[in-house]
Every structure is written in C-alpha cells, then in structure tokens.
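Since the structure comes first, as structure tokens, the remarks are kept for the end.
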Amino acid sequence: MIAEEFDAIVIGAGMSGNAAAYTLATHGLKVLQLERGEYPGSKNVQGAIMYANMLEKIIPDFRDDAPLERHLVEQRLWVMDDTSHTGIHYRSDDFNEAKPNRYTIIRAQFDKWFSRKVREAGATVLCETTATELVRDANGKVIGVRTDRAGGVLYADVVVLAEGVSGLLGTRAGLREMPKPETVALAVKEMHFLPEEVIEQRFGVKGDEGCVIEAVGTISRGMAGLGFLYTNKESISLGIGCLVSDFTAAMESPYALLDAFKNHPSIRPLIAGSEVKEYAAHLIPEGGHKAIPKLFGDGWVVVGDAAQLNNAVHREGSNLAMTSGRIAAEAIVHVKRRNDPMIRRNLTLYKAMLDKSFVVKDLRKYKDMPALLHTNSSNFFTTYPRLISQAAQNFMRVDGTPKIEKEKATTAAFIKARSRWGLVSDALRLAFAWR
Amino acid sequence: MTIAVTKLRVEDKLFQNRYLVDPGRPHIKVRPHERPSANLLALTHVCPAKCYEVNDKGQVEITADGCMECGTCRVLCEPSGEIEWNYPRGGFGVLFKFG
Numbered sequence: 001m002i003a004e005e006f007d008a009i010v011i012g013a014g015m016s017g018n019a020a021a022y023t024l025a026t027h028g029l030k031v032l033q034l035e036r037g038e039y040p041g042s043k044n045v046q047g048a049i050m051y052a053n054m055l056e057k058i059i060p061d062f063r064d065d066a067p068l069e070r071h072l073v074e075q076r077l078w079v080m081d082d083t084s085h086t087g088i089h090y091r092s093d094d095f096n097e098a099k100p101n102r103y104t105i106i107r108a109q110f111d112k113w114f115s116r117k118v119r120e121a122g123a124t125v126l127c128e129t130t131a132t133e134l135v136r137d138a139n140g141k142v143i144g145v146r147t148d149r150a151g152g153v154l155y156a157d158v159v160v161l162a163e164g165v166s167g168l169l170g171t172r173a174g175l176r177e178m179p180k181p182e183t184v185a186l187a188v189k190e191m192h193f194l195p196e197e198v199i200e201q202r203f204g205v206k207g208d209e210g211c212v213i214e215a216v217g218t219i220s221r222g223m224a225g226l227g228f229l230y231t232n233k234e235s236i237s238l239g240i241g242c243l244v245s246d247f248t249a250a251m252e253s254p255y256a257l258l259d260a261f262k263n264h265p266s267i268r269p270l271i272a273g274s275e276v277k278e279y280a281a282h283l284i285p286e287g288g289h290k291a292i293p294k295l296f297g298d299g300w301v302v303v304g305d306a307a308q309l310n311n312a313v314h315r316e317g318s319n320l321a322m323t324s325g326r327i328a329a330e331a332i333v334h335v336k337r338r339n340d341p342m343i344r345r346n347l348t349l350y351k352a353m354l355d356k357s358f359v360v361k362d363l364r365k366y367k368d369m370p371a372l373l374h375t376n377s378s379n380f381f382t383t384y385p386r387l388i389s390q391a392a393q394n395f396m397r398v399d400g401t402p403k404i405e406k407e408k409a410t411t412a413a414f415i416k417a418r419s420r421w422g423l424v425s426d427a428l429r430l431a432f433a434w435r
Numbered sequence: 001m002t003i004a005v006t007k008l009r010v011e012d013k014l015f016q017n018r019y020l021v022d023p024g025r026p027h028i029k030v031r032p033h034e035r036p037s038a039n040l041l042a043l044t045h046v047c048p049a050k051c052y053e054v055n056d057k058g059q060v061e062i063t064a065d066g067c068m069e070c071g072t073c074r075v076l077c078e079p080s081g082e083i084e085w086n087y088p089r090g091g092f093g094v095l096f097k098f099g
C-alpha cells in the first residue's frame with residue numbers, strides 16, 4: 001500500500017472524478033484517484049451524450065483522440081401513446097461544424113480514455129479499490145480514506161467525493177442524505193448492435209452524423225419517465241427510466257417497460273435485426289436544485305451525481321459532472337496556492353464558483369419542475385399523450401366529418417379529460433416551473 | 001428481430017453481461033424477517049436484475065450474482081435496515097463493456 005500523503009484523493013473515475021483528478025494533476029498537485037472497477041468505466045453507465053464545450057474547458061484538443069461515436073445533427077422528441085408518436089424534430093446542417101457541439105459516446109471506452117489523460121497528467125490511479133470509509137481527525141476534519149485493500153489509511157489534505165449517485169462514503173459519514181425514492185430515477189438500457197450502414201439508412205444520417213430520439217407518453221405507464229434512443233457508430237443505446245418512487249408504487253418491472261418500449265410500433269423497426277450485447281441499469285439524480293446537499297466541509301468536497309448535479313429537464317448530467325469536478329479542483333488549487341488549510345471556510349470558494357456557473361443557475365431555474373412532474377405524472381405522461389395522439393389522428397384522418405366538428409371533438413376530449421380549470425392550471429404550473 | 005420479446009426473461013438479458021462474482025461474499029444481504037415490508041416486496045418487481053424473490057415462506061430473499069449495482073434497493077430498503085448494502089470488493093461485481 002502507498003504510505004505517502006497526497007494533496008488530494010479523488011473517489012471515483014467517472015466524469016466528475018476524472019475532471020477533478022485531471023485538473024488537480026495538471027496544476028501540479030499530488031493526486032490519488034481510487035476506482036472500484038477493474039478499469040475506469042467498468043462501473044459507469046450513461047445514455048450517453050457528451051457535451052463538447054464542458055470537456056473542451058478541461059481538455060481543449062479532446063477531439064484528436066477521444067473515442068467519440070457520432071456528432072448529433074438531429075433531435076427528435078416524441079410524445080407517444082400505445083400505437084403512435086407525435087414528434088418534434090430538429091435537424092440542422094449547422095451541427096456539421098468543425099467542432100461539433102454534442103456527441104454520443106460509449107462510457108466504458110470514453111472513461112478509459114479520460115483516465116489515461118488523468119494518468120498522463122501525473123495522477124496516480126488505483127483501480128479495483130473500493131473506498132469504504134472516510135477517516136477524520138479529532139476535530140472532525142476529513143484527513144483520508146480507508147479502502148478494502150490490506151493496509152492502513154490513505155491520507156490527503158482534501159477528499160473529492162466523486163462517488164456517484166449511490167456513493168457510500170458521504171452518506172455513511174453523514175455529510176449528505178441518501179437519495180430518496182422520489183429524487184432518483186431508475187433507468188435501464190440495452191446496447192443494440194447493427195451494421196453502420198443500416199443505422200445510417202434508418203436514421204437518415206451519413207458518416208459520423210447521429211440522431212437522438214427521446215420519448216414520453218404511455219410508454220412509462222403513468223409514471224414520470226423518459227425513453228431514449230441514441231445512435232452510436234455501430235450500435236444503438238436504447239433505454240427507459242422512471243422515478244424509483246413511481247416504480248415502487250406501481251410495482252412495475254423496468255425490464256418489462258424496456259421490452260414494451262422496444263416493441264412499440266414506432267421503435268421496433270428502428271432496432272429490427274439488432275444484436276443485444278449488454279443490459280445495464282443505473283440511478284439518475286432527479287431531485288434538482290432542492291436536492292443538492294452541502295457541497296463542502298472540512299477536508300472534503302462533493303461533485304457530480306453524488307451532489308445530485310443533474311438537469312433532468314434537459315437530460316444533462318455528464319456536463320454538470322465534469323464542470324463541478326473541474327470547478328472543485330480549481331477551488332482546491334486556489335486554496336493550496338495560498339497555503340491555506342482545506343477547511344470549510346476556505347473550500348466555500350468551490351460553492352461560490354459553482355453558484356456562478358451554468359450548473360447551479362440551470363438547476364435553480366427548474367427548481368419546481370421535479371415536484372410538478374412527480375405529483376402530476378399520470379396527466380403529463382398518460383392523459384396528455386393520449387389526447388395529443390387523438391387530436392393528431394382526428395386532424396389527419398379524412399372521413400367526411402366536417403372540420404368544425406373535428407375541432408369541437410378534439411376540444412371536448414381535452415376538457416372531458418382534464419376540465420377547463422385543470423387544463424389552465426396544468427399550463428400555468430408548467431409555465432411557472434419552466435420560467 | 002433476433003430476440004423473442006414476448007417470452008424474454010431478465011436472466012437472458014443478464015447473460016449478456018460480464019460479472020466477476022466474489023464467491024461466498026454477497027455484497028447485499030436481506031435482514032431476516034417474518035413478513036416483508038411494502039418496499040422490500042416491491043423489490044421483487046423493481047430490481048432491474050430480478051435479484052429479489054419471494055420464497056415459499058413469503059419472505060424476500062436475494063441472490064446478488066446478477067446485480068448491476070444500481071442502488072435502487074439501497075434507496076428503498078437501507079434506511080429502514082431491511083437490507084445491508086455494500087459495493088462489491090474492488091474489481092468484483094458487474095463489469096460493463098459499454099456502460
């Protein structure tokens with residue numbers, strides 16, 4: 001075991017941990033990073049879309065060698081009922097720019113690459129090592145971690161908790177609460193492999209172009225949830241997630257939901273003939289601004305999913321993770337340069353910097369959204385999708401019914417399902433939560 | 001399609017995954033109980049790897065071999081002490097090839 005003391009120990013080699021470890025190491029700090037998986041990425045699950053801007057701020061020339069799948073030129077949002085989808089598509093050739101904005105990635109490959117960069121920057125990365133406990137001094141300051149390897153405590157001035165949504169250390173030490181069933185979604189995902197040219201044909205893309213489909217509606221059976229389909233180079237990431245509280249109340253099985261989603265007449269032809277090579281599950285922080293725990297204390301900071309830094313409305317997570325990891329590291333570097341101790345008073349700089357970033361600003365904007373969707377899930381995920389489908393079909397189907405009657409029937413269906421007051425109230429609540 | 005979706009069992013899905021099982025050291029344990037709580041019972045449906053099952057005495061048991069370490073059972077049943085939850089030892093457990 002390593003008997004030396006480090007400037008910082010980073011727990012976890014996911015997006016936030018790698019961003020933190022890389023930034024700390026490039027600024028000359030002595031960094032140890034612990035990862036419980038066999039290799040970085042072996043425990044990590046994401047959809048996965050990676051936002052270039054936030055990685056560029058850490059590794060400007062990442063495009064030279066990072067394993068990227070496709071850059072996204074088209075996004076589809078589908079509202080689904082059992083047999084239909086009503087969609088908004090946005091596609092632009094502007095996304096075929098020299099430095100594209102968003103990419104699909106495969107996390108096991110991407111994280112291996114990111115971890116290589118961390119090591120090249122000078123950090124020590126120790127895999128197959130589960131950190132089991134934070135170690136504190138007599139004053140309660142975190143001074144290191146215990147692991148499941150033989151040997152004593154690993155010491156550092158500061159510990160960066162990048163341990164993910166279900167991180168053990170911070171919750172066990174009482175630094176933050178465990179996620180609650182209503183603040184986390186359980187998502188399941190399969191990797192469907194298809195020849196490159198089949199994917200290009202089915203989604204109308206060429207070369208490295210990619211397409212995203214995100215879907216809400218009866219696919220989540222009245223629960224607050226989202227289905228997704230992301231095109232990779234020669235595979236499709238396909239999954240669905242709902243709040244754990246909703247799964248529990250409904251006693252639904254995530255794999256049954258996933259299979260029904262795959263069998264939906266709008267999805268089935270897109271994955272026909274594919275070979276499934278992996279089935280994964282993961283929790284996603286959904287509590288938003290109100291669920292963010294205390295972000296720092298004596299000898300510790302928390303970043304990424306462990307800090308619930310996830311924008312569920314925009315389905316952004318890894319960029320918030322990377323940014324919080326980078327900012328936490330920059331704050332630590334700043335404190336270190338002043339030769340100040342890594343205590344609460346000094347690490348408050350991390351929160352001050354994070355508050356000024358898009359991370360906290362975005363989460364604050366949508367602070368009321370999780371509660372709205374959680375309390376109103378059957379309306380937003382079943383009633384409205386059915387009504388929208390009926391309205392669209394009513395509009396498309398030419399059957400000799402006068403148009404005025406069709407319009408009246410559509411309006412009547414909405415009022416019958418939700419009442420005039422209900423419709424206005426839902427619209428207002430959504431507008432206020434969005435504002 | 002190469003998969004028969006109608007009769008697809010979750011065991012077949014888990015078969016795609018790579019695991020390194022730590023023999024004799026399950027990382028999750030269910031505390032002995034007479035009657036399972038609603039949350040513990042819900043795990044027999046909600047656990048994405050179907051690790052939890054009701055035995056013939058009406059108690060919930062776990063076989064953690066197929067666990068994907070998502071933490072759902074921890075969120076539902078660790079605070080009440082109904083399960084004892086840990087991550088597997090370093091290097092063991094699920095090993096995602098794609099993630």
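Chains as they are written, first to last, in the UniProt record's numbering: chain A, 1 to 435; chain B, 1 to 99. C-beta: ideal position from N, C-alpha, C; glycine also. Please read all numbers here as calculations on a predicted model, not as lab measurements.
Subject >> Within chain A, the residues that VAL10 (chain B) reaches when beta carbons sit closer than 7 Å >> reply: Residues of chain A whose Cβ lies closer than 7 Å to the Cβ of VAL10 (chain B) are, in chain order, TYR255.
**OP:** Kindly list the residues whose CB is nearer than 6 Å to the CB of ALA391 (chain A), restricted to its own chain and excluding five residues on each side of it in sequence; keep chain order.
**Re:** Closer than 6 Å at Cβ, skipping near neighbours: THR410.
**OP:** Please determine if the stretch 84-96 of chain A and the stretch 242-259 of chain A are in contact, where contact requires at least 3 C-beta pairs separated by less than 8 Å.
**Re:** With the cut-off at 8 Å, the stretch 84-96 of chain A and the stretch 242-259 of chain A do not touch.
Original post:
Thinking C-alpha only, which one of A:HIS282, A:PRO254, A:GLU182 and A:PRO341 is nearest ALA8 (chain A)?
Top reply: ALA8 (chain A) has its Cα closest to that of A:PRO341, out of A:HIS282, A:PRO254, A:GLU182 and A:PRO341.
Original post:
Applying the criterion that 16 or more other CB atoms from any shown protein chain within 10 Å of the CB defines a buried residue, is VAL5 (chain B) buried or exposed?
Top reply: Unreliable placement is indicated for VAL5 (chain B), whose pLDDT of 45 sits below 50; the coordinate value is still reported in the next sentence. Looking at its Cβ environment, which holds fewer than 16 other Cβ atoms inside 10 Å, VAL5 (chain B) is exposed.
Original post:
In the structure shown, what three-state DSSP assignment does ALA431 (chain A) receive?
Top reply: If DSSP states are grouped into helix, strand and coil, ALA431 (chain A) belongs with the helices.
**OP:** List the residues of chain B whose Cβ lies closer than 8 Å to the Cβ of LEU168 (chain A), in chain order.
**Re:** For a Cβ distance threshold of 8 Å, residue set ASN86 and TYR87 of chain B lies close to LEU168 (chain A), ordered along the chain.
Original post:
Would you say HIS45 (chain B) reaches chain A, if we count a Cβ-Cβ gap shorter than 8 Å as a contact?
Top reply: Any Cβ of chain A closer than 8 Å to the Cβ of HIS45 (chain B) would place that residue at the interface, and such an atom is present.
**OP:** Could you confirm whether any beta carbon from chain A is found closer than 8 Å to the beta carbon of GLU69 (chain B)?
**Re:** GLU69 (chain B) counts as touching chain A.
Original post:
Between the stretch 104-120 of chain A and chain B, which residues of the former have CB atoms less than 9 Å from a CB of the latter, in chain order?
Top reply: Cβ contacts with chain B: ILE106, ARG107, ALA108, GLN109, PHE110 and ASP111.
Original post:
What residues from chain B crowd round ARG149 (chain A), counting only those whose CB sits closer than 8 Å?
Top reply: Here the neighbours are GLY90.
Original post:
For VAL94 (chain B), which residues does DSSP report across the bridge?
Top reply: DSSP lists B:TYR19 as partners of VAL94 (chain B).
**OP:** Under 6 Å Cβ to Cβ from LEU40 (chain B), same chain only, skipping five residues before and after it: list those, please.
**Re:** Counting only Cβ-Cβ distances below 6 Å, and skipping sequence neighbours, we find VAL60, CYS77 and GLU82.
Original post:
Assuming VAL135 (chain A) contacts LEU283 (chain A) under a Cβ cut-off of 8 Å, what Cβ separation, rounded to an integer in Å, is found between them?
Top reply: The pair is not a contact, with the Cβ atoms about 27 Å apart (cut-off 8 Å).
Original post:
Is the distance from the Cβ of PHE228 (chain A) to the Cβ of GLY47 (chain A) below 8 Å?
Top reply: Contact annotation: PHE228 (chain A) and GLY47 (chain A) have beta-carbon atoms nearer than 8 Å.
Original post:
Taking the C-alpha atoms as reference points, what is the distance between GLY239 (chain A) and THR231 (chain A)?
Top reply: Using only the alpha carbons, I get a separation of about 12 Å.
Original post:
Taking the alpha-carbon positions, what's the PRO293 (chain A) to PRO26 (chain B) distance?
Top reply: Each residue's Cα considered, the two are about 30 Å apart.
**OP:** For LYS351 (chain A), collect the residues of the same chain with a Cβ closer than 8 Å to its Cβ; drop the 5 residues on either side in sequence, then sort them by chain order.
**Re:** So the qualifying residues of the chain are LEU295 and PHE296.
**OP:** Please name the residue in A:THR83, A:ASN376, A:ARG397 and A:TYR279 whose C-alpha comes closest to that of LEU14 (chain B).
**Re:** It is A:TYR279.
Original post:
So what does TYR90 (chain A) bridge to, in DSSP terms?
Top reply: In DSSP, TYR90 (chain A) forms a bridge with A:GLN75.
Original post:
How big is the Cα-Cα spacing for TRP434 (chain A) and ASP426 (chain A)?
Top reply: Rounded to whole angstroms, TRP434 (chain A) to ASP426 (chain A) spans 12 Å at the Cα level.
Original post:
Would a check of beta-carbon distances place PRO79 (chain B) closer than 8 Å to chain A?
Top reply: Chain A, which has a Cβ nearer than 8 Å to the Cβ of PRO79 (chain B), makes this yes.
Subject >> Residues in the stretch 266-300 of chain A having any Cβ partner in chain B nearer than 8 Å >> reply: Shown in chain order are the members of the stretch 266-300 of chain A whose Cβ falls below 8 Å from a Cβ of chain B: ARG268, ILE271, ALA272, GLY273, SER274, GLU275, VAL276, LYS277, GLU278, TYR279, ALA280, ALA281, HIS282 and LEU283.
**OP:** Go ahead and label SER220 (chain A) buried or exposed: buried means 16 or more other beta carbons lie within 10 angstroms of its beta carbon, across all protein chains shown.
**Re:** With 16 or more other CB atoms across the displayed protein chains lying within 10 angstroms of its CB, SER220 (chain A) is buried.
Subject >> Within chain B, partners of ILE68 (chain A) - CB distance below 9 Å >> reply: Correcting the residue identity first, residue 68 (chain A) is Leu in this sequence and not Ile. Taking a Cβ-Cβ threshold of 9 Å, none of the residues of chain B is close to LEU68 (chain A); the smallest such distance is about 14 Å.
Original post:
Counting only beta-carbon atoms, is VAL302 (chain A) nearer than 8 Å to chain B?
Top reply: For VAL302 (chain A), the answer is no, since every Cβ of chain B falls outside 8 Å of its Cβ.
**OP:** Using beta-carbon positions only, say whether TYR103 (chain A) and LEU77 (chain A) come within less than 8 Å of one another.
**Re:** Cβ distance not < 8 Å, so TYR103 (chain A) and LEU77 (chain A) don't count as in contact.
Original post:
Are the CB atoms of GLY91 (chain B) and GLU163 (chain A) nearer to each other than 8 Å?
Top reply: In this structure, GLY91 (chain B) sits away from GLU163 (chain A), with a CB-CB distance that is not shorter than 8 Å.
Subject >> Interface positions of the stretch 46-73 of chain A facing chain B (Cβ-Cβ less than 9 Å), listed along the chain >> reply: Taking 9 Å as the cut-off between beta carbons, the residues of the stretch 46-73 of chain A near chain B are GLN46 and ALA48, in sequence order.
**OP:** Would you check if there are 3 or more beta carbon pairs closer than 8 Å linking the stretch 19-30 of chain A to the stretch 319-338 of chain A?
**Re:** The stretch 319-338 of chain A and the stretch 19-30 of chain A touch, with three or more beta-carbon pairs separated by less than 8 Å.
Subject >> Length-filtered (4 minimum) alpha helix (DSSP H) runs lying within the stretch 127-213 of chain A >> reply: Residue ranges of uninterrupted alpha helix (DSSP H) with 4 or more members, entirely inside the stretch 127-213 of chain A and ordered along the chain, are 168-172 and 196-203.
**OP:** Give the DSSP-derived three-state secondary structure of PRO370 (chain A) in the structure shown.
**Re:** Correct three-state label for PRO370 (chain A): helix.
Original post:
Which whole-angstrom value describes the C-beta separation of ILE11 (chain A) and VAL159 (chain A), a residue pair presumed to lie in contact below a C-beta threshold of 8 Å?
Top reply: Between VAL159 (chain A) and ILE11 (chain A) the Cβ distance is about 7 Å, and since that is below 8 Å, they are a contact.
Subject >> Reduced DSSP secondary structure (H/G/I, E/B, other) of PRO285 (chain A) >> reply: Strand.
**OP:** Return the first residue and the last residue of the beta strand (DSSP E) that LYS290 (chain A) is part of.
**Re:** Taken as a continuous stretch (DSSP letters only), LYS290 (chain A) belongs to no beta strand (DSSP E), as it is neither H nor E.
Original post:
So what's GLU278 (chain A) in DSSP terms, helix, strand or just coil?
Top reply: The answer is strand: DSSP assigns GLU278 (chain A) an E or B state.
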